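Participant:
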Amino acid sequence: MSQKRSGRSLLLWLAAAGVAWVWWPKDTPRPSPPPPPVHLDAPVPPAPARRAGWVKYEWPRQTGAAPALAANLAARNVYVVLVGSGSMGEKGCSGNLTKMEAAKQALAEFAKALPADAQLGLAAFDGAGISERVPLAAGNRDAFLAAVMAVKDNGGTPLKAAITIGVDKLEEAARRQLGYGEYTLVVVTDGVADSGQDPAGVVGDLLERSPVAVHTIGFCIGTNHSLNQPGRTLYKSAQSVSELRAGLGAVLAEAESFDAAKFAAPK
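Just so we're aligned: 1091 in the numbering used here is position 135 of the sequence shown, and the numbers increase by one with no gaps anywhere.
Below, the structure written as structure tokens:
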């Protein structure tokens, strides 16, 4: 139907309504005028556009069939990524210990100090490859300690691939917990990533769409690292064993019952 015909129908309706209103008997209640004609082929105004810059918050993303629910929907989840690069065998700022020995010692104390009901997991990369060494779970501290002690200092630094494992495992836990609980990714590294393994993109996506807190401890490398993103990640430059412990203590300080100052104190 053309716009000319639609306009003519509307004018005729207005004219009829006006005549009925004027000539209707004064003592008789005037009925409400009929609704204007609706033309199904009339143009429909466009829907308002989505505001530019909106970020879709999607945590956790749903994939496939719904998993079995966790027994504790409010569980705290801490996933550690440990670097097993060849440089971790050096004695830089770690005193008489190699950087790997110092990291293992600090992580062992970290695991023991973590609240018992928290879920802890580990991914590592060394000469044996990149893999999850301990699945996220509570009550697994002995297994975590054994896996940490088994990591060698004879690999590269494929940070992106290793961190992706941690991201995926935390998101799996979030699906089982319906998104409730707390989620922390802890990265212990002594160097920049291998070529093509810069994790900034993976971590940036994670920060935009999830509540995961990302703690990075740069051991003996200062602050020049792609995971040092002020206002987004929590980065600690550890230039000594005590500062390495303090960096892990900052993760533990999120637990109300934990004394971070006591953990950070050197032996």
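Built from N, CA and C at the ideal position, the CB exists for glycine as well. All of these numbers come straight from a predicted model, not from anything done at the bench.
1) If I follow the unbroken alpha helix (DSSP H) through residue 1208, where does it start and stop?
2) Taking the alpha carbon of residue 1159 as the point to measure from, which residue in 1132, 1189, 1135, 1173 has its own alpha carbon closest?
3) Measuring from the CB of residue 1036, is there a heavy atom of the ligand SAM at a distance below 7 Å?
4) Closer than 7 Å by C-beta to residue 1004: which residues in its own chain qualify, once you throw out the five before and the five after it? Chain order, please.
5) Going by CA-CA distance only, name the one from 1063, 1154, 1100 that's closest to residue 1118.
6) Helix, strand or coil for residue 1088 per DSSP?
7) Do three or more CB pairs link the region 1018-1027 to the region 1060-1070 at distances below 8 Å?
8) Residue 1137 and residue 1082: beta carbons closer than 8 Å?
9) Give the range of the beta strand (DSSP E) segment to which residue 1075 is assigned.
10) Kindly list the residues whose CB is nearer than 7 Å to the CB of residue 1015, restricted to its own chain and excluding five residues on each side of it in sequence; keep chain order.
11) Grouping DSSP H, G and I as helix and E and B as strand, with all else coil, what is residue 1132?
Facilitator: So, from the listed chains and residues:
1) 1197-1208
2) 1189
3) For the structure depicted, the ligand SAM is absent and the ligand set is empty, with no information on it obtainable.
4) Here the model assigns residue 1004 a pLDDT of 37, short of 50, so the residue's position is not dependable, and the following value carries that caveat. Nothing meets the Cβ criterion.
5) 1154
6) strand
7) no
8) no
9) 1075-1082
10) 1130, 1135, 1165, 1166, 1167
11) helix
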